[in-house]
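Protein chains in written order, with my numbering: chain A, 205 to 473; chain B, 9 to 749. Every residue gets a Cβ at the ideal spot worked out from N, C-alpha and C, and that includes glycine.
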């Protein structure tokens, strides 16, 4: 079975992130493999280990991204992928989801297609969840999205999706695409052996010319979705307690409300 | 034809042949194990010899049980000297008046033989009694002999008892044969001869001698054949193997293998997991996953184990589980409901439940899922000596000897077992080797640990906090501590580097301790600097859970940074940081003087730079939890007590297990970082602290602090748990009051 896992290199948003003046994410800081992408990697690893004729099973980790994105590929290789494919071209920078899915579809065709394409349900940075469905549409294959588990029986894949009040089981013939949530099997922390062997696995790098795509078909200028503006979300801060047992509790409370402009200052009621 | 002689010589030949074959088997089996790091087990031979002789003659580690130590010493010595009587007996088969050439007429030899035969008799009687008493079935898993092969031990004891009795008996008859001229030689045995009728002919006496000599030979060589056929009978083999095992201990000075761990070694070479050219076959053999991975020293140690159970009895995990099983002190009156139910259902109708608990208790002890260092060693030993058609994994496999993951991951590496072992088994190192394989090769370990590894990898701390939060602890200090790389450029400008540690930086209780220490240093005019966002975990949680790759990454980066900053003297508040920085960073080129804060504070008080006053009004009773990694692994239990003793109005109430015999809080060995359904060591330790009736539980390690304070909260107790730094800060403050946490 031929499995392609889509992986993405994303900024470490817990550490902090910035936006450029044009509204695009500043990707210059530290980054890592998108955390949700560890779930399809784990699923792929398990599928391959279940299929006994593992000899002709391969797991390819595919990414589109800048040079640093190789780190995501390396992590994927540590987590069980056999080979890495990195689509890297300056012209791709600034693409919207349509542009990215175009590149991915071309890359997958270039690789001769796949029986199963696995990916995370969304990325930690842009979080549009569009790539799985756009890519499936471009490849004209069915997509089972937001799955909590999957199983392959013969030439069919079955996926389970958990909603707040139901479990939905769907089945589709291969080839197909399945996107996974963090309800799927927990990713295994790679052994030192796997980390070491990952260094010896091949990573192929292609540019747009290799895929037969025109630079004008992707990138900032070709993007049909424009980010108009970015505002940081209002951070919730912890509430403040006024000790009611103290004598000046009322005064303290009034002062707090007044200082935060929550009650009118001055003048009579 | 002399049938006695024929039989005697035949069993002698069979005995020695069996022994020779078995010794050859041992040598073959040991040599099949991979090599150790050159010099690590055989370097400094004179020092090793001296340490071994010291242990042998002084019985230092056995001395925890003084009666057993004396009895064992006498029995051991009698064996050494009485070996000659076997030659004597062989001669007597042919000539009842046979004397050993030269030696046999030497008065001192004769007296020594008699003395040691009696001493051996006394010794073995005591040892038999101790085994019967300490191993009485009613104790169930609370006995240190629970799970030991008792019949093997009883057989060895019976052999020794028979041999010394036969030696004395034989000498009694020899004294009659020798006549009055020889009586001086039989000073303490002649009376036995006089029990025989005085008119017995020499021929009858000679027949007695031959018969007893043959009996002695049969008993001795039967033992030799039995133990040769049973290589797993450590209780017999330790009399030979303990010598090489002690000699090849990890520490050439003969101290228990505690403190820093050894580097990851395959085939006698330290493995650098960063080396891209590392051979693939080496990657399969990291740590111990299969019997083939156990080094010759591992195998020797496993064969040496006598199953005496000293390790089992001090293991906090085993203690915790068996205490729950058998109730407080396994007394007659207190049988917890669950156990009582098992007992009554198994007992005959109408029988008293309490007295019949033995059998159900014995079967109830989940030996396969509860860590006992002894049972772990026995299982590994049987795995090595057992013959399986296919090699099977040491951990988690189908083999009947496989160690379950529950057992492997229950260990807190507190080192109580290793410190207690009289024959130099290095349990902690062995467990770490097993964990290394599980993590580095098999990628099979508790799920919660994966999160810790990711946190360490991404955020350089086990909590997964962000580097920019590293200095949050210092908010609220009365001064700004200098930060290396921000306010100061080199550590040459200050007395100390204060290594705040991850707990000090991120855990609320740890932060309180770090602030208390910083204030105290500031008040006493000690200059220090702290690390900023470059600070990272020392690596202890990774190393103790077998993740040597992660440990090496953290430790080498830290050592490089510290060396570049010119670190020489480092203060820590964490016993684990203390151990790792001082004992393990030398493997990465880091050599520092690492000072635990209790040591520094005790010195500052001693120098009068801090003057503690009463803590509040009246006497405050404090009990102190010795952190394992301070008191046992690094032999530091005096400074904290000096410190406590210097606070007026404070009375130290010790727990039963304290100092280097402290009982673990459950937070070591990485066990801080994941929860499972296993025993709650912290709760048990907290109960022990509360039982002292103290007003306060003091400790000196953030892990102890967290585990015990959590246990206090679980128990709904208001016994405060505080770090010693907090106590000192309160004692030097004008109010003498503890700050609220």
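Residue 536 of chain B - containing beta strand (DSSP E), residue span:
By 1-based counting over the second chain, the position of residue 536 of chain B is 528. It spans 536–539 - the beta strand (DSSP E) in which residue 536 of chain B sits, taken as one unbroken run.
Output the distance between the C-alpha atoms of residue 208 of chain A and residue 245 of chain A, rounded to the nearest integer angstrom.
The residue labelled residue 208 of chain A in the question sits at position 4 within the first chain. The residue labelled residue 245 of chain A in the question sits at position 41 within the first chain. Rounded to whole angstroms, residue 208 of chain A to residue 245 of chain A spans 9 Å at the Cα level.
Nonlocal neighbours in the same chain, by C-beta distance under 6 Å from residue 590 of chain B, ignoring five residues either side
Here the question's residue 590 of chain B lines up with position 582 in the second chain. Result list for residue 590 of chain B: 602, in chain order.
Beta carbon of residue 99 of chain B nearer than 8 Å to that of residue 232 of chain B
Reading the second chain from its first residue, position 91 is the one you call residue 99 of chain B. Reading the second chain from its first residue, position 224 is the one you call residue 232 of chain B. No.
With distances taken Cα to Cα, identify the nearest neighbour of residue 737 of chain B among B:606, B:703, B:634.
Counting from 1 along the second chain, the entry for residue 737 of chain B is found at position 729. Closest option to residue 737 of chain B, Cα to Cα, is B:606.
Whole-number beta carbon distance between residue 80 of chain B and residue 315 of chain B, since they are thought to touch under 8 Å
The residue labelled residue 315 of chain B in the question sits at position 307 within the second chain. The residue labelled residue 80 of chain B in the question sits at position 72 within the second chain. With 8 Å as the limit, residue 315 of chain B and residue 80 of chain B do not qualify as a contact, their Cβ atoms being about 15 Å apart.
DSSP three-state label for residue 252 of chain B, please.
On the second chain, residue 252 of chain B is found 244 positions in, with the first residue counted as 1. In the structure shown, residue 252 of chain B sits in a helix (DSSP, three-state: H, G or I).
Would you kindly work out how many angstroms separate the C-alpha atoms of residue 293 of chain A and residue 42 of chain B, rounded to a whole number?
Taking the first residue of the first chain as position 1, residue 293 of chain A is located at position 89. Taking the first residue of the second chain as position 1, residue 42 of chain B is located at position 34. Taking the straight line from one Cα to the other gives about 50 Å.
Bounding residues of the beta strand (DSSP E) (the contiguous stretch that carries residue 709 of chain B)
By 1-based counting over the second chain, the position of residue 709 of chain B is 701. Note, residue 709 of chain B: premise wrong, no beta strand (DSSP E); not H, not E.
Please list, in chain order, the chain A residues whose beta carbon lies closer than 9 Å to that of residue 286 of chain B.
By 1-based counting over the second chain, the position of residue 286 of chain B is 278. By Cβ distance, chain A contributes 400.
With a CB to CB cut of under 6 Å and the five nearest residues on each side skipped, what residues in its chain are close to residue 164 of chain B?
In the second chain, the residue the question calls residue 164 of chain B occupies position 156. So the list reads 243, 244, once near-sequence residues are dropped.
Along the chain, where does the beta strand (DSSP E) containing residue 206 of chain A start, and where does it finish?
Looking up residue 206 of chain A in the first chain gives position 2. Boundaries of the beta strand (DSSP E) around residue 206 of chain A: 206–210.
Touch check for the segment 478–489 of chain B and the segment 428–448 of chain B: three-plus C-beta pairs under 8 Å?
no
Euclidean distance between Cα positions of residue 528 of chain B and residue 519 of chain B:
Sequence index remark: in the second chain, residue 528 of chain B carries index 520 (1-based). Sequence index remark: in the second chain, residue 519 of chain B carries index 511 (1-based). Taking the straight line from one Cα to the other gives about 14 Å.
Out of A:445, A:399, A:437, A:433, which one is the CA nearest neighbour of residue 557 of chain B?
The residue you call residue 557 of chain B lines up with position 549 of the second chain. Selected option, being the one with the closest Cα: A:399.
Between the segment 458–469 of chain B and chain A, which residues of the former have CB atoms less than 8 Å from a CB of the latter, in chain order?
Interface annotation for the segment 458–469 of chain B against chain A: 458, 461, 462, 466, criterion Cβ-Cβ distance under 8 Å.
Tell me which residues of the segment 384–397 of chain A have at least one Cβ-Cβ distance to chain B shorter than 9 Å, keeping chain order.
Sequence-ordered contacts of the segment 384–397 of chain A with chain B read 390, 391, 392, 393, 394, 395, 396, 397 [C-beta pairs closer than 9 Å].
Quick one: grab the DSSP three-state call for residue 419 of chain B.
Reading the second chain from its first residue, position 411 is the one you call residue 419 of chain B. If DSSP states are grouped into helix, strand and coil, residue 419 of chain B belongs with coil.
Beta-carbon within less than 7 Å of residue 239 of chain A's beta-carbon, same chain only, minus the 5 sequence neighbours each way: which residues are those?
The residue you call residue 239 of chain A lines up with position 35 of the first chain. For residue 239 of chain A, where only same-chain residues beyond five positions count, the Cβ hits under 7 Å are 328.
Let's test the definition: count the other Cβ atoms within 10 Å of the Cβ of residue 63 of chain B and tell me whether it reaches 16, buried, or not, exposed.
Translated into positions along the second chain, residue 63 of chain B becomes position 55. The residue is buried, with at least 16 neighbouring Cβ atoms inside 10 Å.
To the nearest angstrom, how far is the alpha carbon of residue 366 of chain B from that of residue 149 of chain B?
Taking the second chain and counting its residues from 1, the one referred to as residue 366 of chain B is at position 358. Taking the second chain and counting its residues from 1, the one referred to as residue 149 of chain B is at position 141. At residue 366 of chain B, the pLDDT of 39 sits below 50, so the modelled position is not reliable and the matter cannot be decided from this model.
Compare the beta carbon distance of residue 338 of chain A and residue 383 of chain A with 8 Å and say whether it is the shorter of the two.
By 1-based counting over the first chain, the position of residue 338 of chain A is 134. By 1-based counting over the first chain, the position of residue 383 of chain A is 179. Cβ atoms of residue 338 of chain A and residue 383 of chain A: not closer than 8 Å.
Tell me the residue span of the beta strand (DSSP E) that contains residue 87 of chain B.
For this step, residue 87 of chain B is matched to residue 79 along the second chain. Looking at the DSSP string, residue 87 of chain B is not in any beta strand (DSSP E); the run it does join, the alpha helix (DSSP H), is 74–102.
For residue 406 of chain A, which residues in the same chain have their Cβ closer than 6 Å to its Cβ, ignoring the five residues on either side in sequence?
Counted from its first residue, the first chain places residue 406 of chain A at position 202. Contacts found: 287.
Express the C-alpha separation of residue 447 of chain A and residue 281 of chain B in angstroms, rounding to a whole number.
What you label residue 281 of chain B is simply residue 273 of the second chain in a count that begins at 1. What you label residue 447 of chain A is simply residue 243 of the first chain in a count that begins at 1. Roughly 56 Å between the two C-alpha positions.
Which residues, in order along the segment 212–229 of chain A, keep a beta-carbon less than 9 Å from a beta-carbon of chain B?
216, 218, 219, 220
Contact defined as beta carbons within less than 8 Å: I believe residue 397 of chain A pairs with residue 448 of chain B. What is the distance between those atoms, to the nearest angstrom?
Residue numbering aside, residue 397 of chain A sits at position 193 when the first chain is read from its first letter. Residue numbering aside, residue 448 of chain B sits at position 440 when the second chain is read from its first letter. The Cβ separation is near 6 Å, so the contact holds.
For residue 191 of chain B, the three-state DSSP class (helix, strand or coil)
Within the second chain, residue 191 of chain B is the residue found at index 183, counting from 1. Looking at residue 191 of chain B - three-state DSSP - the assignment turns out to be helix.
Along chain A, in chain order, which residues have C-beta atoms closer than 9 Å to that of residue 294 of chain B?
By 1-based counting over the second chain, the position of residue 294 of chain B is 286. The contacting residues are 395, 396, 397.
Spatial distance of residue 313 of chain B from residue 252 of chain B (CA atoms)
Start at 1 with the first residue of the second chain, and residue 313 of chain B comes out as number 305. Start at 1 with the first residue of the second chain, and residue 252 of chain B comes out as number 244. Rounded to whole angstroms, residue 313 of chain B to residue 252 of chain B spans 13 Å at the Cα level.
With 7 Å as the limit, tell me which residues of the segment 269–280 of chain B have their beta carbon closer than that to any beta carbon of chain A; keep them in chain order.
none
Give me the chain D residues within the contact set of residue 451 of chain B, using Cβ-Cβ distance strictly less than 7 Å, ordered along the chain.
Considering every chain present, this structure includes no chain D. Its protein chains are A and B.
Three or more C-beta pairs under 8 Å: does that hold for the segment 681–698 of chain B against the segment 719–736 of chain B?
yes
Min CB distance residue 557 of chain B to chain A below 8 Å
Taking the first residue of the second chain as position 1, residue 557 of chain B is located at position 549. Output row for residue 557 of chain B: interface = yes.
C-alpha gap between residue 621 of chain B and residue 485 of chain B, whole angstroms
By one-based count along the second chain, residue 621 of chain B stands at place 613. By one-based count along the second chain, residue 485 of chain B stands at place 477. Residue 621 of chain B and residue 485 of chain B: Cα-Cα distance of roughly 22 Å.
So with Cβ pairs under 8 Å, would you call residue 291 of chain B a contact of chain A?
Locating residue 291 of chain B in the second chain gives position 283, counting from the first residue. So yes, residue 291 of chain B belongs to the interface.
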